[in-house]
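See structure below.
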Amino acid sequence: MWLPLEQVLMNLRAQGHKVIHRSLLENMNQAGGVQISTDELDLFLRFQHEIGAILYFSTELLKEKIVLEPQWMINALKSLITAEMFVLRHAPSVTTLWYEFKNGKLYPELIDIIWSKENNPEFHDNKVHILRLMEQLNIIAIPWIFSEEGQITKAN
Numbered sequence: 118m119w120l121p122l123e124q125v126l127m128n129l130r131a132q133g134h135k136v137i138h139r140s141l142l143e144n145m146n147q148a149g150g151v152q153i154s155t156d157e158l159d160l161f162l163r164f165q166h167e168i169g170a171i172l173y174f175s176t177e178l179l180k181e182k183i184v185l186e187p188q189w190m191i192n193a194l195k196s197l198i199t200a201e202m203f204v205l206r207h208a209p210s211v212t213t214l215w216y217e218f219k220n221g222k223l224y225p226e227l228i229d230i231i232w233s234k235e236n237n238p239e240f241h242d243n244k245v246h247i248l249r250l251m252e253q254l255n256i257i258a259i260p261w262i263f264s265e266e267g268q269i270t271k272a273n
């Protein structure tokens, strides 16, 4: 029953897709010969995640995108961690951002600078999703902001 969907995932990978919207897979499921329900599709995606074939989380913030190649996500993380030589050759402001990163603070500006130099525009195109995955996987933590009025919100 899941074999046609596994074939779809393999074809998408072969076409060079690293990240897809869930709606694309849903549409392909509807167009295929063997259609499965939304619940069954979610079960299929969670199974594929569990065996390491994809990265997929059914949380509200992550359920709309599927990482077809987990190694791609690892490469995105690696590009941030190993960017020191690249960063140190740039302006002092970039160097300052790097030292902040080494001390536990990752600023969006640094991510933009590093990923703009990468040979993979999909990192930058999927920045928000990658950061959400990093938070889901406890690689980063988004700070909480406490206002004077006593409200607590997550930083952007």
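In terms of my numbering, the sequence shown is residues 118 to 273. All C-beta atoms in this analysis are idealised placements derived from N, C-alpha and C, irrespective of residue type, glycine included. Fair warning: this is a prediction, and the values are worked out from it, not measured in the lab.
| said: What would DSSP say about Thr-270, mapped onto helix, strand or coil? | reply: Thr-270 falls in the strand class under three-state DSSP.
| message | Whether or not the region 252 to 266 and the region 235 to 243 are in contact is what I'm after, with contact meaning three or more pairs of Cβ atoms, one per stretch, closer than 8 Å; do they touch? | response | no
| field | Identity of the residues DSSP links to Phe-263 by a beta bridge | value | DSSP, once it has assigned bridges, lists Ile-269 as partnering Phe-263.
| task | Locate the beta strand (DSSP E) running through His-138, then write down its first and last residues. | result | That run of the beta strand (DSSP E) goes 136 to 138.
| request: Would you grab the beta carbon distance between Leu-214 and Leu-227 for me? Rounded to a whole angstrom, and I think it's under 8 Å. | output: 4 Å
| query | For the putative contact between Arg-130 and Glu-186, defined by C-beta atoms under 8 Å, what is the C-beta separation to the nearest angstrom? | reply | 6 Å
| said: Could you check whether the region 150 to 161 touches the region 196 to 210, counting it as contact only if at least three pairs of C-beta atoms, one from each stretch, sit closer than 8 Å? | reply: Verdict: no, contact absent.
| message | My assumption, with CB atoms under 8 Å, is that Gln-253 sits in contact with Phe-174. Please give the rounded CB distance. | response | Right, the Cβ-Cβ distance comes to about 6 Å (below 8 Å), so this counts as a contact.
| request: Grab the span of the beta strand (DSSP E) containing Val-184 for me, first residue to last. | output: 182 to 184
| query | Closest Cβ-Cβ distance between Val-151 and chain C: below 8 Å? | reply | Of the protein chains in the structure, only one exists, and it is not chain C.
| said: With distance defined between alpha-carbon atoms, name the residue in Arg-163, Met-118, Leu-120 nearest to Arg-139. | reply: Arg-163
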